[in-house]
Structures are given as structure tokens and as C-alpha cells.
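Inspection log for the structure reproduced underneath, given as C-alpha cells.
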Amino acid sequence: MSDHGRTDPVLDCPADETPDGEELITAAMRWHFSPETGSPFWLERAGKLDFDPLRDVKSFADLRLFPNLVNELRDVRVEELIPRGLTLPDDLYGIYESGGTTGAPKRVVCTTDWMERWLAFSQRHLDARGCPRGVNWLALMPDGPHIFGAALREGARRSGGILFTVDMDPRWVKKAIAEGRAEDAARYADHLVTQAGFLLETQDVGVLITTPPLLQRLAQDERLVALINRKVRHIQWGGAHMDADTRHLFRTEVFPGIQLQGAYGSTMILGGSLERIEPAGEDRCVFDPFAPYITFSVIDPATGENVPYGERGQVVMNHISKAMLLPNNLERDTAVRIRPPEGQMGDSVADVSPVATFDDQAVIEGVY
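Position in the sequence shown (first residue = 1) + 855 = my numbering.
Here is the structure:
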């Protein structure tokens, strides 16, 4: 096999550097559509496209040329998703699955290089927010086949702390709700909170990572609220939406002395974004993506065109890296389109909430 394309100054730039967006797109097209380095998945589909990715895809707007193929990731063999230019097993960090909110789970490839980049991005934002280092983390989040659990283990270790976890199967909860067994789902959520309580009572925990539904259940227990306010210095929430009123209540009354930071992402972009630090007096929850690797657009799904800034539309996500190419993925969320920071490719988003139905199925958040 040729060594052509195995290394690239753009795709392989240091993890703490941000490449130019159009240079990244051009380099990614060379990587994913070269017979020497591309995955069987994309090489097989290249001949069915009505455009030439190497010639026609050079900008952020050009990513819309791609069809949304993420549903194919439900049943494709993972070996077909791995770029041929990777060196196995060293370059492969793991295979991870979506939460199964809209059907059978989808699978993605995560490389050691990509995990390094995502962790570096996350750590920069945690440091900017004032998240303490050298403290233990407690995660009430899915692990197992879910990429966020893997990232949390690495993140806690690199920040100098120990990660405590609680077993969570979000698919079981969603199934219970879909089958009308809301009481079973509620009992399971209470079980998760009980497990968290054991750790909060006996261990030193400085960072709590959980979902809005579970944070609400924690907040209903005065004993656990007291423990959290006494021990925890930073709460990160994600995996489900949180409305503005609930967020304000947590920040001002329930956990007033604790940093509260949202996270928004998807397995289909192999990561996510952390809440923007807004100027004093602002109280919006805005997410700036890890651009240019992860980018957002907010569109009118009827036309495919961007909605004006300040208006709500459906979120389209793109992932572009050496690990995977996942462009033009219409997500199951709506959001308000926000003007991005200077130099950022694509949109920022605020006030994220799920659509009622997606792919003709009801969207159920459950605990995640």
C-alpha cells in the first residue's frame, strides 16, 4: 500500500492549533476519497455522487452537496468505515454508538488523534470557565458504547482527578417510555440518583457531569442538594435539553455557588461543544462548535436554507477530520441561529430543544 496521504500538514497539525477551514475541507476530501487512504464506505459511494468531492467540495457551503448518509451507519460493517490510511490498531481509539433515540443505533469511528483533539478543545473551555483541576469527577452519563463516557474517563484523568461513574442504559429508559411504562422509567431514574447519592455521601467530588432530567431529580432531594452545594464546584449538563427557566433556577437558587455549564453535541459529530462564556448581564446558553472540525448550520427544513440570525430552525451538523467524514447531517434538534465568533466556520446555536418527531418516529429523551 502506498504511503501517499498518510500524513498531511493540515489533518495532522498539533492538537492545540486550529487549521484554516477551507484548507481542512480540501485536505479531508483528498484523504477520504483517495483509494490509498479513504474508507471503503466513502470510496464505494463516491461513484454514486452527482459531483466530484475532490473537484467540487472546497468550502463550508459545498458540504451541502453531500447527501445525508448517517442512517446507513445503523447497519454498515464498521470495518467499512475505517479509513485505509490508518494504522491499526494504534490509530483506532474505539467504535462508538448513538443513543438510539430514533431507532437502531448508528456507529462511528474514533481515532486516537481525534480523541486527543477533542480533549484539548474541551480542556481549554473548562479552564476558561474556571473548572477546577485536581478534583474528582462524578458522571451520571452513559458509558459502554457511548463516546461521551470514554471522553470523560480521559478528561478526569488528564485534569488530575478520579472519575466515579454510575451505570446507565438510556435506551432502556426510552424503550420503557415508548411502551407507556413511564413508572418503570421513573423508578430507574430514581435508582440512578440513589447510586449517585452513595458516592456524594462518601467521596470527594468536585465536578458533577449529568443530564438535565437527572439533575432535576437530584434537586428534588434536599439532602443531595446540600451535599452538592458543599462539595461540588462545577456542574456540566448535557445529553438532553434544558429550558431557560430551569437553567436560571439552578444557577440562582438551587446551586447558586456552583459553575453551571452546558454541553451540546452528538455521536454523529464525535463530540460536541461547551456553553459560551457570555458577558456579564447576558443569560443565554450559546454553543460554539469545535470548528472547523465540527460545524453547525441552522436551516429551514422545508427549503434547506439558513434561517436569519435570531430565528429558530433545525440543526445540521458536519464532522470533518481524519477519523471520519460525516457531512450534512440533519439533527433531531431545533435551535436559535446565533452569529458565530469572528473567524468561526458555520453557525453557533442557542436554546436547543428536540423536535417532536424525526424520521417518522417520536423523539424520546428519557434520561439522555
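By construction, the Cβ of each residue, glycine as well, lies at the ideal position given by its N, Cα and C atoms.
message = Distance check for residue 1201 and residue 997, CA to CA, integer angstroms please.
response = Position 142 of the sequence shown holds residue 997. Position 346 of the sequence shown holds residue 1201. Spanning the two alpha carbons is a distance of roughly 29 Å.
request  = Take residue 1066 and list the residues in its own chain whose beta-carbon comes closer than 8 Å to its own, dropping the five residues that flank it on each side.
outcome  = The residue labelled residue 1066 in the question sits at position 211 within the sequence shown. Correct list, in chain order: 995, 996, 1092, 1093, 1094, 1095, 1222, 1223.
inquiry  = In this structure, how does DSSP classify residue 951 when only helix, strand and coil are distinguished?
reply    = Residue numbering aside, residue 951 sits at position 96 when the sequence shown is read from its first letter. Three-state DSSP puts residue 951 in a strand.
ask   = Quick one, which of 1191, 967, 919 has its alpha-carbon nearest residue 1125's?
value = Working through the sequence shown from its first residue, we reach residue 1125 at position 270. Answer by Cα proximity: 967.
query = Between residue 1083 and residue 1089, what straight-line distance do the alpha-carbon atoms span, to the nearest angstrom?
reply = Within the sequence shown, numbered from 1, the residue matching residue 1083 stands at position 228. Within the sequence shown, numbered from 1, the residue matching residue 1089 stands at position 234. C-alpha separation (whole angstroms): 10 Å.
ask   = Bridge partners of residue 965, per DSSP?
value = Residue numbering aside, residue 965 sits at position 110 when the sequence shown is read from its first letter. Its beta-bridge partners are 949.
request  = Go ahead and pull the three-state DSSP assignment for residue 977.
outcome  = Within the sequence shown, residue 977 is the residue found at index 122, counting from 1. Note: residue 977 maps to helix in three-state DSSP.
task = Using 10 angstroms around the beta-carbon of residue 903, count the other beta-carbons present and answer buried if the total reaches 16, otherwise exposed.
result = The residue given as residue 903 occupies position 48 in the sequence shown. Exposed: under 16 other Cβ atoms inside 10 Å.
DSSP state of residue 1127 mapped onto helix, strand, coil = In the sequence shown, counting from the first residue as 1, residue 1127 sits at position 272. Reduced to three states, the DSSP call for residue 1127 is strand.
ask   = Looking only at DSSP bridge pairs, what is residue 1119 linked to?
value = Position 264 of the sequence shown holds residue 1119. DSSP lists 1128 as partners of residue 1119.
request  = State the CB to CB distance for the pair residue 976 and residue 936, rounded to an integer number of angstroms; the pair is presumed to be in contact (CB under 8 Å).
outcome  = The count along the sequence shown starts at 1 and reaches residue 976 at position 121. The count along the sequence shown starts at 1 and reaches residue 936 at position 81. In this structure residue 976 is not in contact with residue 936, their Cβ atoms being roughly 23 Å apart against a cut-off of 8 Å.
task = Compare the Cα-Cα distances from residue 1123 to each of 1101, 1181, 987 and report the closest residue.
result = Taking the sequence shown and counting its residues from 1, one reaches residue 1123 at position 268. The alpha carbon of residue 1123 has as its nearest neighbour, out of 1101, 1181, 987, the alpha carbon of 1181.
inquiry  = Taking only three categories from DSSP, how would you classify residue 1084?
reply    = The count along the sequence shown starts at 1 and reaches residue 1084 at position 229. Helix, per DSSP.
request  = Could you pull out every residue in the same chain whose Cβ sits closer than 7 Å to the Cβ of residue 965, ignoring the five residues on either side in sequence?
outcome  = Start at 1 with the first residue of the sequence shown, and residue 965 comes out as number 110. Excluding residues within five positions, the ones whose Cβ falls inside 7 Å are 948, 949, 951, 1002, 1125, 1178.
query = Hey, out of 1011, 1171, 1148, whose CA is closest to residue 1158's CA?
reply = In the sequence shown, counting from the first residue as 1, residue 1158 sits at position 303. When each option's Cα is compared against that of residue 1158, the closest is 1171.
key: Residue range of the alpha helix (DSSP H) that includes residue 1111   = Within the sequence shown, residue 1111 is the residue found at index 256, counting from 1. Taken as a continuous stretch (DSSP letters only), residue 1111 belongs to no alpha helix (DSSP H), as it is neither H nor E.
query = At which residues does the alpha helix (DSSP H) containing residue 1168 begin and terminate?
reply = The residue given as residue 1168 occupies position 313 in the sequence shown. In the DSSP assignment, residue 1168 falls outside any alpha helix (DSSP H) and within the unbroken beta strand (DSSP E) covering 1167-1175.
task = Kindly give me the distance between the Cβ atoms of residue 988 and residue 1114, rounded to whole angstroms, as I take these residues to be in contact under 8 Å.
result = Start at 1 with the first residue of the sequence shown, and residue 988 comes out as number 133. Start at 1 with the first residue of the sequence shown, and residue 1114 comes out as number 259. At roughly 13 Å, the Cβ-Cβ gap does not stay under 8 Å, so residue 988 and residue 1114 are not in contact.
key: Extent of the continuous beta strand (DSSP E) run through residue 1209   = As a position in the sequence shown, residue 1209 is number 354, starting the count at 1. Counting along the chain, the beta strand (DSSP E) containing residue 1209 begins and ends at 1203-1209.
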